[in-house]
Every structure is written in structure tokens, then in C-alpha cells.
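Q: If you count the sequence shown from 1, you need to add 18 to reach our numbering.
Ideal Cβ placement from N, Cα and C applies to all residues, glycine included.
Just so it is clear, the structure is predicted and the values come from calculations on it, not from any experiment.
Structure below; questions to follow.
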Amino acid sequence: MAVPTATDLTALNEQQLEAVTHGEGPQLVIAGAGSGKTRVITYRIAWLVRELGIAPETIAAVTFTNKAASEMRERVGRLLDAWPLPTFVGTFHRWALVQLRRYGERIGLHRGFAILDTQDQLDMVKRALEAEGLAEESFPPRAMLAAISGAKNRLIGPAEYERTAEDFFSKKVALVYRRYQGLLNRASGIDFDDMLALTVRLMEREPEVLERLRERARYLLVDEYQDTNHAQLELVRILAGPQANLTAVGDEDQGIYRWRGAELQNILRFEHYFPGATVRKLERNYRSTQNILDAAGELVAHNRSRRGKTLWTDAGAGAPIEVYRAADEMDEARWIVHTLRAYAGAGSLSESAILVRTNAQTRSLEDELMRQGVPYSLVGGTRFYERAEIKDLIAYLRVLRNPYDAFSLERILNQPPRGIGKATQELLRQEAERLGQPVWDVLYHRELGSFSARAAGALGAFRDLIVGLQEETEVLPLPALLLRLLEATRYTGLYSDREPDGRARLENIEELLSAAQEFVEARGANAPDDDLLTAFLDHVALVSDVDAWRPDRGVSLMTLHSAKGLEFDAVAVGGLEDGLLPHFNAQATDDEIEEERRLLYVGMTRARERLALTTCRRRMVAGRWQDRLPSPFLAELPAELLDVQTSPGLFTPDRRGAEGVRSFFERRPLPGVRTADGADAEPGDALRRGSRVRHPTLGEGTVLALEGLGQQGKLTVYFDRAGKRKLLAKYANLELL
């Protein structure tokens, strides 16, 4: 190895420098929003290599999104110049997938296992529900899949889940979980949660493999540590080993993924999991104005589950935060688009973003953006690789790679139509189950005499098609293979370019060909090509919504969750109403309320210079107007930093500044229950079982149960239209009828 060249550390502030030059052992870097966490990680890698002479092949860095990983690789490459990159810089799931492709057979994985996307998983859950005789109306597939995902994130398998299931719903989940996992195994597939759980199992069961992996990650860096779940914590603990040369960077105030398994305690109790750890804080912000930082900081200070920090900047106070009280969502959309255009002036709108709590809120905003002729990019719509025609072609590629991928095989049996109807497919599946063999073995190795002559002929033709294409897979480059696939299947004949929908689908197919060509070119001439098809399929499986984000296409429109890790000159956060933010499904516990507060904090700190917040007096929900109350979070913002404006449609005076804030937001006090005349009432005094109440979003209902006293109490209410819900009394916003 060449003699290390000194790394220029003058670009670092004092706190960053301390984190970068940390010695041996674990350290946690609490990095506030915009405080330069990526700079710390990349400079630390360069410092380890250039200053300490650490071999790059013993350094690994993991993060959560492809976008963050790509930025990290690019910065590390610039800092190391001619030096080799670390052994790995990428996402958790990419790292896990690499190990499972290398060593997965040691724990029983098929070498060509497929990765199911969310829709595939839902389809498999539906099949499991049907097999167990459970109705989707009573056991929604998404709820069942979320429960299964939660179990896998906690490293709980079907057998253990079944042993510990106590309530009615959990026992039904246990049945579906067992059936789902069986279907997954027979389909030679894994889901995203399996990637992490199986990698943990691999490291626990194969000491030799673990030693190899530890050698490649003697210095481990983890980004966005607050978003780790239990499986990721165990992965990091096992990989870091007793030496634990671990640098974890994160911010508990930006932990917004509890709903998908992230455990905030991983960062709050870091010293417990990694004894002797050094904890440092980055509090200097390089992104936002001081007004934005102060408002966001005062908001999140209402949370109890945090270490605490005070962000500061030398960028100046900046403009006040505009708050708009809209009459309805159309009025809200008009004001937001007009305001963002005013912020941009003669400049580009590509540095502007509209952030919302739910995807459903984008409709009125999209309508207004189109009406005003403002270009925009929507993040979180139908993902390119989830469009039907693309999923069909990817399924073909997956079957060519591994014909035992039963899920993909069944998708393409009759796509395009070739005379293999649903009855024939069901008979084929039953025959496979009767023989205890995979569907492909029934097709490939057995006579098809149990089928009608017509069906047997169609199945045989399909088998010959796949076998022929498999042979060509060995010799054709990936783009050429796709072209040959389209030709052999006559797939494009499904769509006519004379019809708008058909033309769009054909354009999507052309885009897939381009994606394949770009993937091959990006790998370079020196990249191994022995398993290029698998590499491409893995790439497709790991692409996320934000990877398709195109900031050059005008205003970015996305959910608050999707905005994590991004920043813009101007940001508008819409829908600050009780029931939307905080969302009515996340008001049962203090932990849920705190996560909703962190979500708004994340949205506010995406803004560099200008920030606008809006709330509606009424909103159309399911075709009916519903009165709305402002989010309680608005009352937690410092009034002196806000410029409050009122829509003329509200027929109230337009009052600005601190007095306007108080007159509006303090009309609706934080206590969760009011009497019919509007006076505050303590839940324990005003409510009892059987009380009739009204919620601004959920409508009228009956109190079923009360737990605890005062504002910390919990209410169980059966709403006439929305069903049974649990609410935290402090935020319930119930009116006693």
C-alpha cells in the first residue's frame, strides 16, 4: 500500500473534527438536521485510510437509501482520489443481499432466489388468507402483512409467533404467517424483511462466514442510525463484534419510521448496546435560517423521548414562517402554488417542494399545479418497476434466472394470452401440490396427460419457450436478451400505439430497454458479467420511490416521509389539521404523537430559506365536507416567528403576527375533551362509558372504555362510521354531546 497522503480537514468545524478523528471503539454522533453528517462519515473514511493507513477493504459504510449511498460513494471517491473505495458503501439491504448471494446456500437459500416487492407480498398474503378460509374484509391483507413484517423485524419466525400469539387477531396472523412463509419458500423467494433476518441467521450459524464479514468491516460506519429496527441493531452488533470500531450517526428528532419497525431506543440507549461509547453532538446547521431552526426546535422540544440539542446557524434570522388558514383544500392549493411562485420570483421552481402527510392530499395540489401551468415532479406514485407491463417482463427475466420462482412463473403463464386459463393454472398448481413438487418440475419433467389436449399443448409450448430463452440467456447481453424476449413472446402485441394507454405502456417498455443498457454501461467493462441478469434483477428490487425523484422537473410534490434526507430553498407543508398531522391513526399513545411531531420537524427542517405551513377550515373526505380543527402542533410553535394569514373565504379579519397566532390557535386549547358549549372538560370528569361524543374527523361515537386519569388517559371509542379507535385523551379533540 502506498504511503497515505494527509487529508485536508480544514473544511470541518470543531465538533465534526472530533467525530472524524475518533480513535478506537464505538462512538455515536448526534447530528442535527443540516449539520453535515454525510461530511463526517465521508471524511472519517478518508481519515482512516490516509492518516491511519487503514486498508479500504476493511471499511464498510451502510445507510438507508440508494440516493444517500450514491452521494456517499461519490464524496468518498473525491476524497480518496486514486485510492480504492471501501469494501462496501451502500444500503443495509444491499449489504445483506450481497452476503446472501454469496453464502445463502449455507442456510438453505436457493442460489437464484427472487425478491418479492410489496405488491407481490400482498398477493401472497391474499393467497394465504384464502387457503386459511379468512375473508379479506375481516383481515385486511395490508394489516396482516404489516404484522408479519413487524415479527420479522423483531427476528420472530412463524413458529415462535404462533407460540406467543394470545389475542384473536394475533392467532389469525400466526396462521397466515405460517402459510405465507411456506408459499414464499416454495416460490424460491424472499421479501425485504427476510434479507436482514436471514443475514443475521447466516452470521449466527456460520462462524467462518462471520469472521470473513468482520474482516471486511473492521471499521463500520452506520448512517441514519435512528431508523434502525431490531434486526438491523442485531446485524450491527454481531458484525461490529467485541472490538466495535463503530461510528453511528443519527438524530433521534428525525426518527419517523416507527410504523415500519424502527426502534428509537436503539439510538437513545446506544451506550447500553455498545458499552464505553463516546457520544458527540453536531449542532451547527449549514442549511436553514435561524427562524426555521428555532421554530422547529421549539416544536420538537415538546417530545420527551430525545437526548436534546440546540441547532444554530450563522446564516441569519431569515424571513418569518408564513402560516395560512385556508377555507378548504382548493383554497390551500391556490395559496401554496402562488406563494412558491412568489418565493422563486424569476428563478427556477426546481428548488421548491410541497410536503403532505398522506398521498391522498396530492390530488388538489396536482390539479392546481396543472391549472397554473407549473411543472412538478410527484414522488410516491406508481413506481416504474411496479407498472403491470414492467412487472410482467421482470417476471420473465426472473423465471429465466430461476424457473423455480413459482410466483413469477404463474404471473407469466398466460401473459400474453396463450390458452392457459385460470382453470388450467389451478389444475397445474393442484398437480404440483399433489406430487409435492415445484410447478416447474411438473411442467418440465412430467407428462401432461392429466390436462386436456389443448391445455397440454399450450403448457408444452410455454415450457419450450422458457427453455429456449434460457439457452439464449447464456450468450446474449442483457439488452439483447430483453429484445429477444419481446420478440419470442410477442409481448408488445398486447398494446396499440394508436391508443394513449397502449402508447404509454410501449414507451415504458422502451424505457426498460434503456434502463438495462444504462445498467450494463454503469457496471463498466471490467465488471464481472457471469451473473449480470441476477445483478440487474437485484438492482430493480432495491430501487425506491425517491430514486426516481427528478428535482429538475419543477416543484417536488411528496409525502413528509419521502422528503427525509432532501432539502429545498422553499418548502410548503400542507394539511396541518388534527386528524392529518397528527394523523388520527397515530394518536393512541404518547409515542405515536411524538413521532407525528418529529415528522413535522423533519418537514420544517427541509427548508433552507422560506417555510410555509397551511391548515384548512374544512376538507372534502370521501365525497363529504368535514369541518377541521388546526393541528395542536401549530400552537406549539413560537408565535413571534410566525406570519399568520387568513383566507378571505373564512369571513374573519386577517390578523398577522403574534396576536393573529394567539387569536386563532389558542381558540382551540390542547385538552382533548370539550363540553357542548365549548368549555374544557377533564376526561375523567366529563366522560364515562356510554357517553356520546363527536370527533372533527371521525364523526359521532360512543365511549367504550377509559384507561388512566386526566390528560394522560386513554379512550376507546366506537365511531358510527369509522369503527373502534383508541385515542389519547390529551389529543382526542372530542366534543361531549
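(1) Using 8 Å as the cut-off, can you tell me whether the region 142 to 155 makes contact with the region 218 to 227, which would need three or more C-beta pairs spanning the two stretches below that distance?
(2) State the Cα-Cα distance for the pair G43 and G294, rounded to the nearest angstrom.
(3) Looking only at its chain, what residues have a beta carbon closer than 6 Å to the beta carbon of V80, apart from the 5 residues adjacent to it on each side?
(4) If I follow the unbroken alpha helix (DSSP H) through R68, where does it start and stop?
(5) I need the boundaries of the alpha helix (DSSP H) containing I484, first residue and last residue.
(6) How would you write the range of the beta strand (DSSP E) that D587 sits in, first residue to last?
(7) Tell me which residue opens and which closes the alpha helix (DSSP H) that F187 is part of.
(8) Kindly identify the DSSP beta-bridge partner or partners of E718.
(9) Would you check if the distance between the CB atom of A337 and the CB atom of R628 is smaller than 8 Å?
(10) Identify which residue in D459, L512 and E347 has its Cα closest to the Cα of T632.
(11) I'd like the span of the alpha helix (DSSP H) that includes I430, first residue to last.
(12) Which whole runs of the alpha helix (DSSP H) in the region 261 to 341 are 4 residues long or more, in chain order?
(13) My guess is that A132 and S426 are in contact by the Cβ rule of under 8 Å, so how many angstroms apart are they, rounded?
(14) Does the separation of the CB atoms of A249 and L173 fall below 8 Å?
(15) Mind checking whether V94 and P104 have CB atoms under 8 Å apart?
(16) Could you have a look at T442 and say whether DSSP puts it in helix, strand or coil?
(17) Would you report the Cα separation of S514 and E404, rounded to the nearest angstrom?
(18) In chain order, what residues of the same chain have a beta carbon less than 8 Å from the beta carbon of G621, not counting five sequence neighbours either side?
(19) Quick check: does the Cβ of E154 come within less than 7 Å of any heavy atom belonging to the ligand SAH?
(20) What residue range is occupied by the uninterrupted beta strand (DSSP E) comprising K409?
(21) Can you grab the Cα-Cα spacing for the pair S370 / Y619, in whole Å?
(22) Do T307 and T328 have their CB atoms nearer than 8 Å?
(23) Which whole-angstrom value is the C-beta distance of L317 and L655, which I expect to be below 8 Å?
(24) Go ahead and pull the three-state DSSP assignment for H128.
(25) Measure the CB-CB distance between R419 and G130 and report whether it falls below 8 Å.
(26) CA-CA distance, A750 and H40?
(27) Need the endpoints of the alpha helix (DSSP H) that K85 sits in, please.
(28) List the whole-angstrom C-beta distance separating I438 from Y414, where the pair is believed to meet the contact cut-off of C-beta under 8 Å.
(29) In angstroms with no decimal places, state the Cα-to-Cα distance between I339 and V573.
(30) Kindly indicate which three-state DSSP category V355 falls into: helix, strand or coil?
(31) Roughly how many angstroms separate the alpha carbons of G168 and N603, rounded to a whole number?
(32) Give the secondary structure of L140 by DSSP, where H, G and I count as helix, E and B as strand, and everything else as coil.
(33) Quick one: is Y1 buried, meaning 16 or more other Cβ sit within 10 Å of its Cβ, or exposed?
(34) Check each candidate in I285, N84, R232 and M213 and name the one with the smallest Cα separation from Q244.
(35) Can you list, in chain order, the residues of its chain with a C-beta nearer than 8 Å to that of R707? Leave out the 5 residues immediately preceding and following it.
(36) Kindly give me the distance between the Cβ atoms of R298 and V47, rounded to whole angstroms, as I take these residues to be in contact under 8 Å.
A: According to the data block:
(1) no
(2) 8 Å
(3) F110, W113 and V240
(4) K55 to R68
(5) A471 to T491
(6) F586 to V591
(7) F186 to R204
(8) R712
(9) yes
(10) E347
(11) A424 to I430
(12) 283 to 286, 288 to 291 and 308 to 318
(13) 6 Å
(14) yes
(15) yes
(16) helix
(17) 21 Å
(18) L373, L578, A581, V589 and V591
(19) The model on display carries no ligand, and the ligand SAH is accordingly not part of it.
(20) Premise fails: K409 lies in the alpha helix (DSSP H), A406 to R419, not in any beta strand (DSSP E).
(21) 17 Å
(22) no
(23) 6 Å
(24) coil
(25) yes
(26) 47 Å
(27) N84 to L98
(28) That pair is no contact at about 15 Å.
(29) 19 Å
(30) helix
(31) 17 Å
(32) helix
(33) No statement about residue 1 is possible, as the shown extent of the chain runs from 19 to 755 and does not include it.
(34) I285
(35) V721, L722, A723 and L724
(36) 5 Å
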